[in-house]
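J.:
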Amino acid sequence: MSDKSAAASRTGTWYEPDAGLKRRYAADKRLRIYGVAAIVFALGMLAILVGTIVSTALPAATQTMVTLNVDLPADRIDTSDPRGASYQMILTDAMAKIFPEVDTPREMRELRQLFSNGGQYRLRDMVIADPSLIGRSVPFTFPLADIGDQLHKGLIDRNTPREQRRVSDEQISWYDRLVEQGRITTPLNTGMIFNADSRFPELAGLKGALVGSFFALLICFLISFPVGIAAAVYLEEFAPKNRLTDLIEVNINNLAAVPSIVFGLLGLAVFLNFFGMPRSAPIVGGLVLSLMTLPTIIIATRAALKAVPPSIREAAIGVGASKMQTVGHHVLPLAMPGILTGTIIGLAQALGETAPLLLIGMNAFITAAPDSMFNPSTALPTQIYIWADSPERGFTSRTSAAIIVLLGFLITMNAIAIYMRKRFERKW
Amino acid sequence: MTVVETTDASGMVMTKTAEGAEVLAEAAVPAAGAHDVKVAASKVSVFYGEKQALFDVTIDIPARQVMAFIGPSGCGKSTFLRCINRMNDTIDICRVTGKIEIDGANVYDAKIDPVLLRARVGMVFQKPNPFPKSIYDNIAYGPRIHGKAKAGSEMDAIVEKSLRRAGLWNEVKDRLREPGTGLSGGQQQRLCIARAIAVNPDIILMDEPCSALDPIATAKVEELIDELRERYTIVIVTHSMQQAARVSQRAAFFHLGHLVEEGETERMFTNPSDQRTQDYITGRFG
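Respectively, the protein sequence lines represent chains V and U. Mind the numbering: the first sequence is residues 296 to 723 in my numbering, read in order. Mind the numbering: the second sequence is residues 192 to 477 in my numbering, read in order.
1) For P334 (chain U), count neighbouring C-beta atoms within 10 Å of its own C-beta (all shown protein chains included) and say buried if the count is 16 or more, exposed if not.
2) Count the CB pairs spanning the segment 427-434 of chain V and the segment 648-668 of chain V that are closer than 8 Å, and state whether there are at least three.
3) Taking the Cβ atom as the reference point for each residue, do S411 (chain V) and P434 (chain V) lie within a distance shorter than 7 Å?
4) According to a CB-to-CB cut-off of less than 8 Å, which residues of the segment 596-611 of chain V neighbour chain U?
5) Let me know if M397 (chain U) comes out buried or exposed under the rule of 16 or more other beta-carbons within 10 Å of its beta-carbon.
6) Taking only three categories from DSSP, how would you classify A342 (chain U)?
7) Mind checking which residues open and close the alpha helix (DSSP H) that includes L675 (chain V)?
8) Within the continuous alpha helix (DSSP H) that includes M708 (chain V), where are the two ends?
9) Closer than 7 Å, CB to CB, is A616 (chain V) near chain U or not?
10) Would you list the residues sitting across from Q243 (chain U) in a DSSP beta bridge?
11) Any C-beta of chain V sitting closer than 7 Å to the C-beta of G376 (chain U)?
12) Have a look at the DSSP bridge pairing and note the partners of G313 (chain U).
13) Quick check on F238 (chain U) - is its C-beta less than 7 Å from some C-beta in chain V?
14) CB-CB under 6 Å to K268 (chain U), same chain, minus the five flanking residues each way: which ones, in chain order?
15) Using the Cβ count rule (16 or more neighbours within 10 Å means buried), how would you classify A222 (chain U)?
16) Any C-beta of chain V within less than 8 Å: which residues of the segment 256-281 of chain U qualify?
17) Going along chain V, which residues have a C-beta under 9 Å from A310 (chain U)?
18) If you draw a straight line from the C-alpha of M346 (chain U) to the C-alpha of Y423 (chain U), how long is it?
19) I want to see whether chain V comes within less than 7 Å of N391 (chain U), judged by CB atoms only; does it?
20) Do three or more CB pairs link the segment 602-616 of chain V to the segment 544-552 of chain V at distances below 8 Å?
21) Quick one: what does DSSP say G289 (chain U) is sitting in, helix, strand or coil?
22) Check each candidate in V:E720, V:L705, V:T694, V:Y714 and name the one with the smallest Cα separation from I488 (chain V).
23) Assuming D280 (chain U) and K536 (chain V) form a contact by the criterion Cβ under 8 Å, report the distance between their Cβ atoms to the nearest whole angstrom.
24) Determine whether the beta carbon atoms of G377 (chain U) and P321 (chain U) lie at a separation below 7 Å.
25) Applying a beta-carbon distance threshold of less than 9 Å, which residues of chain U neighbour K717 (chain V)?
26) With which residues is L374 (chain U) paired in a DSSP beta bridge?
27) So is I336 (chain U) in contact with chain V if we call contact Cβ pairs under 7 Å?
28) Here's the rule I'm using: 16 or more other beta-carbon atoms within 10 Å means buried, otherwise exposed. How should M459 (chain U) be labelled?
29) Tell me which residues of the segment 523-541 of chain V have at least one Cβ-Cβ distance to chain U shorter than 7 Å, keeping chain order.
30) Could you check whether the segment 311-325 of chain U touches the segment 389-407 of chain U, counting it as contact only if at least three pairs of C-beta atoms, one from each stretch, sit closer than 8 Å?
31) Helix, strand or coil for T357 (chain V) per DSSP?
32) Can you give the Cα-Cα distance for G358 (chain U) and I592 (chain V), rounded to whole angstroms?
33) How would you write the range of the beta strand (DSSP E) that V433 (chain V) sits in, first residue to last?
34) For a contact defined as C-beta to C-beta under 8 Å, what are the partners of V306 (chain U) on chain V?
35) If you check the beta carbons only, do Q256 (chain U) and Q440 (chain U) fall under 7 Å apart?
36) Check whether the segment 437-451 of chain V touches the segment 464-475 of chain V, taking contact to mean three or more Cβ pairs, one atom from each stretch, closer than 8 Å.
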């Protein structure tokens with residue numbers, strides 16, 4: 296397509312597009328189509344991902360609850376020690392009242408399988424909270440067990456043969472009777488957020504993971520933010536440019552690319568084995584995550600400091616500000632939006648990080664939210680990992696719901712970062 | 192406290208007073224006709240790494256006059272200007288040899304603190320560079336960090352005086368709290384001059400202060416420079432021969448890192464003694 300050939304092929308008036316020009320436009324158009332196709336593909340993948348997660352998580356939005364009339368006879372509950380009473384027996388009696396035909400121990404066991412094992416503890420807590428209930432008959436609402444929950448949400452196909460089904464025909468008929476009597480309700484699943492982890496899906500929640508993630512991120516922020524800024528300011532503004540600082544710079548950039556599991560191994564070796572810090576504790580998780588976040592913050596801070604125009608530094612030095620005053624009064628405040636954006640993105644990354652937490656034992660099964668950052672706990676991503684690994688059907692939807700919670704936090708953090716960048720953007 | 196140290200370092204007499212207005216008034220002591228030497232440079236050479244940018248410059252800059260540095264791009268005039276308040280210190284690879292004395296004290300002496308030096312030698316840059324803060328804070332920043340005035344009426348007085356001297360007061364007095372970056376280019380440059388004045392310097396260095404301004408703003412700044420020379424020693428780097436002729440009393444011509452010729456502006460523009468000066472002024476190169 297030399298100029299000569301283009302000139303030779305030209306026919307007609309000067310403004311008539313020739314073949315070469317048409318080819319150029321065709322190539323332009325092709326490139327644009329490739330670009331659009333790539334975006335459509337990426338958006339499609341995202342839609343599939345989000346769609347799958349949301350549709351899987353939907354059943355976990357509600358929790359199937361049952362309401363029974365429970366007799367709390369004074370002769371079976373000691374008022375001075377309500378904790379000692381056998382609430383399992385009391386609940387079983389309440390069930391037997393609705394299903395009088397159930398008499399064999401085998402049937403009784405099957406009936407109890409329909410109701411959550413956690414019912415007895417809730418009943419106990421209710422009585423302890425309000426001892427005046429003793430001696431009365433009260434309505435008591437508690438979750439159905441996983442199979443009941445699945446039945447109600449239509450996730451168990453009644454037409455499958457008995458041997459391939461997880462519920463017996465009797466259990467189905469009992470469940471149907473509960474529905475007839477209007478004892479089944481499906482309130483919003485608040486337990487998902489406010490309960491700690493449990494072996495039983497209907498009782499399991501994210502409280503422990505949320506608190507654990509919060510503590511870990513707090514530690515991560517408290518360490519990596521000041522240290523990262525100090526390191527970046529020194530390297531960018533004060534350090535002499537020589538081989539040593541070049542080496543440090545290269546290594547910081549490399550650290551940002553180190554696989555996170557390596558940081559986990561480091562944390563295991565250093566924090567747990569050498570310093571003897573508590574296993575599975577958010578403080579160790581936070582320390583490991585801060586090692587990971589540091590390079591991100593340092594790189595973002597250096598970029599933000601570099602972006603401050605040199606004329607501002609000259610202006611400050613020109614009126615007699617010292618180096619430290621120049622940085623502290625002018626450069627750092629002007630770089631702050633960039634620094635904060637980088638920090639939030641680093642923290643969001645840390646929030647979603649799983650591998651290093653697995654290695655320091657934050658994937659333990661812990662049924663209580665941690666009181667402090669020294670207690671064992673899980674974090675959001677490790678909780679997802681644990682639930683995804685659990686065989687009970689109810690955990691399938693809860694895993695997806697937990698993913699949505701995690702994604703929600705990530706999107707919120709990124710939105711804050713974008714907002715801050717827009718809000719504090721400066722024009723020169 | 193900084194004031195006392197300044198006195199020690201430069202041997203200048205400077206009243207230690209808390210009254211901002213007095214501090215400013217104190218600078219206004221025009222001893223008519225007495226053009227004593229303010230800055231005396233001898234054998235100043237500057238190296239950027241291996242490369243020598245300035246060769247043995249020796250020049251005396253008289254007090255309360257405007258001295259213009261002229262010459263083609265890259266001739267070292269800005270480099271030399273930045274030696275006077277040690278702005279070159281901020282460049283790692285830059286090395287300065289020789290002596291620059293301000294009122295008899297060598298600024299490259301180990302006991303001279305560059306921070307105090309820069310409070311005494313103000314600087315105005317090529318591109319207006321106000322801090323992205325309010326007009327008030329732009330002016331108040333210097334006096335504040337040097338502890339020259341307490342916040343409040345004392346500071347207000349300094350801000351007003353500085354803005355008045357920079358001829359900007361009437362234009363901005365109603366919007367002191369608005370950002371300095373919102374002013375027009377010429378106003379920004381005068382704001383930068385006011386900022387330099389606010390720390391009460393003896394010398395003001397100007398590095399092509401009008402190159403980013405339109406002719407009207409340039410005329411205002413030049414007018415201002417002419418007024419300021421009553422109180423301050425001004426050194427201005429300029430590319431514009433006409434500007435040098437308009438504002439300066441003395442001029443120095445730099446070429447390829449050498450000081451070629453120095454003398455009264457009028458004499459230099461009408462009767463240069465060096466052929467290179469003649470060529471440059473008549474537009475044969477540069």
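Ideal placement from N, C-alpha and C gives every residue a C-beta, glycine not left out.
T.: In short, the structure shows the following:
1) Buried, by the Cβ-count rule.
2) no
3) no
4) Listed by position, the residues of the segment 596-611 of chain V near chain U (Cβ gap below 8 Å) are P604, S606, I607, R608, E609, A610, A611.
5) buried
6) If DSSP states are grouped into helix, strand and coil, A342 (chain U) belongs with coil.
7) From DSSP, the alpha helix (DSSP H) with L675 (chain V) extends over 675-683.
8) Counting along the chain, the unbroken alpha helix (DSSP H) around M708 (chain V) starts and ends at 689-719.
9) yes
10) U:F238
11) Closer than 7 Å: no.
12) For G313 (chain U), the beta-bridge partners assigned by DSSP are U:I395.
13) no
14) F260, G262, V428, F445
15) Note that A222 (chain U) scores 45 on pLDDT, short of 50, meaning its location in the model is unreliable and no value can be drawn from it.
16) Hits within the stretch, in order: N276, M278, T281.
17) V614, G615
18) 21 Å
19) no
20) no
21) strand
22) V:T694
23) With a Cβ gap of about 15 Å, D280 (chain U) and K536 (chain V) do not count as contacting.
24) The answer is no: Cβ separation not under 7 Å.
25) Within 9 Å Cβ-Cβ: nothing; K717 (chain V) doesn't reach chain U, min ~16 Å.
26) Answer is none; L374 (chain U) lacks a bridge partner.
27) Yes, I336 (chain U) counts as interfacial toward chain V.
28) buried
29) P535, K536
30) With a cut-off of 8 Å, the segment 389-407 of chain U and the segment 311-325 of chain U count as touching, because enough Cβ pairs lie within range.
31) strand
32) Taking the straight line joining both Cα atoms gives about 45 Å.
33) 432-438 is the extent of the beta strand (DSSP E) around V433 (chain V).
34) G615, A616, S617
35) yes
36) yes
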